[in-house]
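What follows is a short report on a single structure.
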Amino acid sequence: MKNTSLIGGIKENFPSGLVVFLVALPLCLGIALASGAPPLSGIIAGIVGGLVVGSLSNSNISVSGPAAGLTAIVLTAITDLGAFELFLCAGIIAGLIQLVLGFVRAGSISNYFPNNVIEGMLAAIGIIIILKQIPHALGFDKDYEGHESIFDNGLNLNYFTELFGAIHPGAIIVTLVSIAILLAWDKIPVLKRMKMLPGALVAVVTGILLNEAFKMTGSSLAI
Numbered sequence: 002m003k004n005t006s007l008i009g010g011i012k013e014n015f016p017s018g019l020v021v022f023l024v025a026l027p028l029c030l031g032i033a034l035a036s037g038a039p040p041l042s043g044i045i046a047g048i049v050g051g052l053v054v055g056s057l058s059n060s061n062i063s064v065s066g067p068a069a070g071l072t073a074i075v076l077t078a079i080t081d082l083g084a085f086e087l088f089l090c091a092g093i094i095a096g097l098i099q100l101v102l103g104f105v106r107a108g109s110i111s112n113y114f115p116n117n118v119i120e121g122m123l124a125a126i127g128i129i130i131i132l133k134q135i136p137h138a139l140g141f142d143k144d145y146e147g148h149e150s151i152f153d154n155g156l157n158l159n160y161f162t163e164l165f166g167a168i169h170p171g172a173i174i175v176t177l178v179s180i181a182i183l184l185a186w187d188k189i190p191v192l193k194r195m196k197m198l199p200g201a202l203v204a205v206v207t208g209i210l211l212n213e214a215f216k217m218t219g220s221s222l223a224i
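Just so we're aligned, residue 2 is where the sequence shown starts under the numbering used here, counting upward by one.
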């Protein structure tokens, strides 16, 4: 008889669970911050999503939690509603509507939304995230959360002039080293076998240690 207890497969599930935790924790915090929500809300969403979906779903490989694809939508909703608490209320109402649609088997309504629209939205969100991270990669940090000034009145070309006038060599070095680690982690067989140590985590830790080394040596490259 198959063991279905919570601790029955802990030996097999612990390594994968640890990797998911190491990836999901900063991801949940980052998505919450990018959405204009309190960072703690991202952690709560990750925990509740894991417990609820894990207990109700029959899938053995599902990973649930905050969705990066909804970042722009959540940020806009919080801004328009004027308060995070009002957004939570709207989220509860939306959840109830989804439950009702599920009970009446109205899932076919989603067929009226073309996949191209969803893919276009996700692609646009990805481009926005990349453009918002370029200033930080070059050492231009007016706002640590990222800002939308690049999109003021269409495409703000003055933004690029200010950006390239404040390039920091140390930030560029950290960025290039981090990108190199991420690329190498998927290409080098020895590194690919280190499944319990995700490349994204190594890149973050390496970037922090590299900047701390710059500070300790009194280098002008310190960010």
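Virtual Cβ for every residue (Gly too), placed ideally from N, Cα, C.
Quick check: the Cα distance between residue 185 and residue 192, rounded to an integer number of angstroms? Approximately 8 Å, taken between the alpha carbons.
Would you give the residue range spanned by the alpha helix (DSSP H) that residue 85 belongs to? In this chain, the alpha helix (DSSP H) harbouring residue 85 covers 85 to 104.
Taking the C-alpha atoms as reference points, what is the distance between residue 177 and residue 205? Residue 177 and residue 205 have their C-alpha atoms roughly 12 Å apart.
What residues in its chain sit with their C-beta under 8 Å from that of residue 187, if we drop five residues either side in the sequence? Excluding residues within five positions, the ones whose Cβ falls inside 8 Å are 193 and 200.
Could you name the residues of the same chain whose beta carbon sits closer than 6 Å to that of residue 35, not counting the 5 residues immediately before and after it, in chain order? If we look at residue 35 and ignore the five residues flanking it on each side, its Cβ neighbours are 72.
What separation, rounded to the nearest whole angstrom, lies between the Cα atoms of residue 87 and residue 40? Taking the CA atoms as reference points, residue 87 sits about 17 Å from residue 40.
Measure the C-alpha to C-alpha separation of residue 203 and residue 128 and round it to an integer number of angstroms. Residue 203 and residue 128: Cα-Cα distance of roughly 24 Å.
My understanding is that residue 224 touches residue 140, with C-beta atoms under 8 Å, so please give their C-beta distance in whole angstroms. That pair is a contact at about 6 Å.
Near residue 11, what residues of its chain come up, given a Cβ to Cβ distance below 6 Å and the 5 sequence neighbours on each side ignored? Counting only Cβ-Cβ distances below 6 Å, and skipping sequence neighbours, we find nothing.
DSSP on residue 78, reduced to helix/strand/coil? Residue 78 carries a helical assignment under DSSP once its states are collapsed to helix, strand and coil.
CB contact flag (residue 172, residue 214, <8 Å): Taking 8 Å as the Cβ cut-off, residue 172 and residue 214 do not qualify as a contacting pair.
Along the chain, where does the alpha helix (DSSP H) that runs through residue 22 open and close? Note, residue 22: alpha helix (DSSP H), 11 to 35.
With a threshold of 6 Å on Cβ separation, who are the neighbours of residue 113 within its own chain once the five nearest residues in sequence on each side are excluded? None.
Between the C-alpha atoms of residue 65 and residue 219, what's the straight-line distance to the nearest angstrom? Rounded to the nearest angstrom, the gap between the Cα atoms of residue 65 and residue 219 is 43 Å.
When you compare only the Cα positions, how much space is there between residue 25 and residue 49? Computed Cα separation, rounded: 13 Å.
With H, G and I counted as helix, E and B as strand and the rest as coil, what does DSSP make of residue 209? Helix, per DSSP.
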